[in-house]
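Asker: Counting from 158, one number per residue, gives the positions in the sequence shown under our numbering.
Think of the CB as a built atom: it goes at the ideal place given N, C-alpha and C, for glycine as much as any other residue.
Since this is a predicted model, take the numbers as computed values, not measurements.
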Amino acid sequence: MLERAAVLQVGPLGDEIDRELQAQYEVLRLWAEPGGLEAVARRAAGVSAVVTSVRHGCTASIIERLPDLRAICSWGVGYETIAVAAARARGVVVSNTPDVLDDCVADLAWGLLIAAARRTAVGDRYVKTGQWRTIGAFPLSTRVSGKRLGILGLGRIGEAIARRGSGFSMDVRYHNRRKRAGIPYRYESSLTELARWADFLVVACEGGPATRHLVSAEVLDALGPEGIVVNIARGTVIDQAAMVRALLEGRLGGAGLDVLENEPAVPRELMDMDQVALMPHVGSATVETRRAMGQLVLDNLASFMAGRGLLTPIRA
Ligand code: 8YV
């Protein structure tokens, strides 16, 4: 019988949290196990929790091989890589790390919007490569303040993005599966109509099959040659091939992208476009937020182990 509570950790979560987990629990480290899942399964009796992240996920076969599993504590707000239906069928509860990352992800959405509209990354290169001196004035860019902001997915992160819109004197509207009560922003039941109305369309909905290619060629055409799309959600939400074509043909004004469809692969065409600002999926990646996410994983696990249930069970 194991003395400390046993958990299965699917992948590394950073030195600090990994150390903390090992100090508190008997940790089976799946990624470091030469025999893989089969070998871990032979020692699985008593493992009541899986610790993982949206990047490492948790498959149905992991769930199947852990007979005593009761909880999955995941790092990250997204959980499209976790076999939620398989967990639910076994009565296994799942937690994620919402709320603590809203501000940093919203900040980055605005950073990307401004970068795409005002060409800040291009301007930075222009100055640093001496072109300001040799060529002179930088080309005019697109005004941000006072414009129309459309948000696809008015959840916690979408709301944080919308709140920042008032600081830029923007009119904000949103599209969700359903209209939300008590929200000061106007609801558009059609995403295409939202895009037609908006100057900037920010994608902040969840990933996974339900939202795949929601931002279609038609939606991008509705956003139009002056419009800018920003994505801090998941690359799969935008039909990337259609977006690249629209940008190449000037049917879409620009894009600010923290996520891509097959990241870290980047379509060659995007690399050469000044109207596109790219970041390497870092919405939550600040020291403060990553620490808070790690702590929330530990807190969920501790609460579950103490019999008080998960603190932040997924909303699905
Ligand atoms: C991470 C995320 O930046 O929480 C999520 O769902 O996407 C982000 O917090 C990402 O998972 C990094 O791989």
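Identify the continuous alpha helix (DSSP H) that holds alanine 412 and give its terminal residues.
Answerer: Start at 1 with the first residue of the sequence shown, and residue 412 comes out as number 255. Premise fails: alanine 412 lies in the beta strand (DSSP E), 411-414, not in any alpha helix (DSSP H).
Asker: Within this structure, are the beta carbons of alanine 486 and alanine 379 separated by less than 7 Å?
Answerer: Residue 486 is absent from the structure shown; the chain starts at 158 and stops at 473.
Asker: What do you get for phenylalanine 295, buried or exposed, if any count of 16 or more other CB atoms within 10 angstroms of its CB means buried?
Answerer: Here residue 295 corresponds to residue number 138 of the sequence shown, with the count starting at 1. Result: exposed.
Asker: Excluding the 5 residues flanking tyrosine 283 on each side, which residues of the same chain have their C-beta closer than 7 Å to its C-beta?
Answerer: Position 126 of the sequence shown, counted from the first residue, corresponds to residue 283. Same-chain partners within the cutoff: Trp289, Phe295.
Asker: Measuring straight from C-alpha to C-alpha, what distance separates proline 421 and proline 437?
Answerer: Taking the sequence shown and counting its residues from 1, one reaches residue 421 at position 264. Taking the sequence shown and counting its residues from 1, one reaches residue 437 at position 280. Taking the straight line joining both Cα atoms gives about 7 Å.
Asker: If you draw a straight line from the C-alpha of lysine 336 to the C-alpha of tyrosine 344, how long is it?
Answerer: The count along the sequence shown starts at 1 and reaches residue 336 at position 179. The count along the sequence shown starts at 1 and reaches residue 344 at position 187. Using only the alpha carbons, I get a separation of about 6 Å.
Asker: Between Ala240, Leu306, His213, Ser231, which lies nearest to valine 387 when the distance is taken from Cα to Cα?
Answerer: Numbered from its first residue, the sequence shown carries residue 387 at position 230. If we check each option's Cα against that of valine 387, Leu306 comes out closest.
Asker: Roughly how many angstroms separate the alpha carbons of leucine 417 and isoleucine 471, rounded to a whole number?
Answerer: Here the question's residue 417 lines up with position 260 in the sequence shown. Here the question's residue 471 lines up with position 314 in the sequence shown. One C-alpha to the other measures close to 24 Å.
Asker: Per DSSP, threonine 368 is paired with what?
Answerer: Looking up residue 368 in the sequence shown gives position 211. DSSP, once it has assigned bridges, lists no residue as partnering threonine 368.
Asker: Classify alanine 206 as helix, strand or coil using the three-state DSSP reduction.
Answerer: Counting from one through the sequence shown, the residue named residue 206 turns up at place 49. Of the three classes helix, strand and coil, the one that applies to alanine 206 here is strand, per DSSP.
Asker: Within 6 Å: the Cβ of valine 360 and any heavy atom of the ligand 8YV?
Answerer: Numbered from its first residue, the sequence shown carries residue 360 at position 203. Outside the cutoff, so no.
Asker: Using beta-carbon positions only, say whether leucine 458 and alanine 206 come within less than 7 Å of one another.
Answerer: What you label residue 458 is simply residue 301 of the sequence shown in a count that begins at 1. What you label residue 206 is simply residue 49 of the sequence shown in a count that begins at 1. Yes; because the gap between Cβ atoms is below 7 Å, this pair is in contact.
Asker: Per DSSP, what kind of secondary structure is glutamate 350 in: helix, strand or coil?
Answerer: Position 193 of the sequence shown, counted from the first residue, corresponds to residue 350. Glutamate 350 falls in the helix class under three-state DSSP.
Asker: How would you write the range of the beta strand (DSSP E) that cysteine 230 sits in, first residue to last?
Answerer: Within the sequence shown, the letter at position 73 stands for residue 230. Run containing cysteine 230: 228-232, per the beta strand (DSSP E) assignment.
Asker: In terms of DSSP beta bridges, what is valine 386 paired with?
Answerer: In the sequence shown, residue 386 corresponds to position 229, counting from 1. Bridge partners of valine 386: Leu358, Ala412.
Asker: Rounding to the nearest angstrom, what Cα-Cα distance links alanine 473 and phenylalanine 325 in this structure?
Answerer: One-based indexing of the sequence shown puts residue 473 at position 316. One-based indexing of the sequence shown puts residue 325 at position 168. Cα to Cα, alanine 473 sits roughly 33 Å from phenylalanine 325.
Asker: Let's see if you can read the secondary structure: which residues bound the beta strand (DSSP E) around arginine 330?
Answerer: As a working mapping, residue 330 is identified with position 173 in the sequence shown. Here the beta strand (DSSP E) through arginine 330 covers 328-332.
Asker: Select from Glu221, Asp264, Asp431, Pro255 the residue whose C-alpha is nearest the C-alpha of valine 439.
Answerer: As a first step, residue 439 is located in the sequence shown; it is residue number 282 there, counting from the start. Of the candidates Glu221, Asp264, Asp431, Pro255, the one whose C-alpha sits nearest the C-alpha of valine 439 is Asp264.
Asker: With isoleucine 395 and valine 359 assumed to form a contact (beta carbons below 8 Å), what rounded beta-carbon distance in angstroms separates them?
Answerer: On the sequence shown, residue 395 is found 238 positions in, with the first residue counted as 1. On the sequence shown, residue 359 is found 202 positions in, with the first residue counted as 1. That pair is no contact at about 12 Å.
Asker: What number of angstroms, rounded off, separates the C-alpha of methionine 158 from the C-alpha of cysteine 230?
Answerer: Walking along the sequence shown from the start, residue 158 turns up at place 1. Walking along the sequence shown from the start, residue 230 turns up at place 73. With a pLDDT of 46 at methionine 158, under the threshold of 50, the modelled position of this residue cannot be trusted; read the value that follows with caution. Each residue's alpha carbon lies about 23 Å from the other.
Asker: Measure the CB-CB distance between valine 454 and tryptophan 188 and report whether it falls below 7 Å.
Answerer: Locating residue 454 in the sequence shown gives position 297, counting from the first residue. Locating residue 188 in the sequence shown gives position 31, counting from the first residue. No, the pair does not count as a contact, with Cβ atoms beyond the cut-off.
Asker: Have a look at valine 197 and leucine 178 and give me their C-alpha separation to the nearest angstrom.
Answerer: What you label residue 197 is simply residue 40 of the sequence shown in a count that begins at 1. What you label residue 178 is simply residue 21 of the sequence shown in a count that begins at 1. Their Cα atoms are separated by approximately 17 Å.
Asker: If you run the structure through DSSP and keep just helix, strand and coil, what is isoleucine 340?
Answerer: Walking along the sequence shown from the start, residue 340 turns up at place 183. Note: isoleucine 340 maps to coil in three-state DSSP.
Asker: What I want to know is whether the C-beta of valine 234 ends up closer than 6 Å to one or more non-hydrogen atoms of the ligand 8YV.
Answerer: For this step, residue 234 is matched to residue 77 along the sequence shown. Yes; taking the cut-off as 6 Å, the Cβ of valine 234 has a heavy atom of the ligand 8YV nearer than that.
Asker: Please state whether the Cβ-Cβ distance between methionine 462 and alanine 162 is less than 7 Å.
Answerer: Indexing the sequence shown from 1 puts residue 462 at position 305. Indexing the sequence shown from 1 puts residue 162 at position 5. Contact: yes.
Asker: Taking C-alpha atoms, which residue in Gly381, Ser441, Ala442 lies nearest to alanine 412?
Answerer: As a first step, residue 412 must be located in the sequence shown, where it is residue number 255. Ranking the options by Cα distance to alanine 412, first place goes to Gly381.
Asker: Going by the C-beta, is serine 252 closer than 6 Å to any heavy atom of the ligand 8YV?
Answerer: Reading the sequence shown from its first residue, position 95 is the one you call residue 252. Because no heavy atom of the ligand 8YV lies under 6 Å away, the Cβ of serine 252 does not count as near it: no.
Asker: Would you say the beta carbon of arginine 212 is closer than 6 Å to some non-hydrogen atom of the ligand 8YV?
Answerer: What you label residue 212 is simply residue 55 of the sequence shown in a count that begins at 1. Yes, the ligand 8YV has a heavy atom inside 6 Å of this Cβ.
Asker: Applying the 10 Å Cβ sphere with the 16-neighbour rule, what's the burial state of alanine 390?
Answerer: Taking the first residue of the sequence shown as 1, we reach residue 390 at position 233. When all chains shown are included, alanine 390 counts as buried.
Asker: Less than 7 Å between C-beta atoms, sequence neighbours within five positions excluded: which residues of the same chain meet that for aspartate 415?
Answerer: As a first step, residue 415 must be located in the sequence shown, where it is residue number 258. Closer than 7 Å at the Cβ level, and outside the excluded window around aspartate 415, lie Leu265, Leu269, Asn388, Ile389, Met436, His438, Val439, Gly440.
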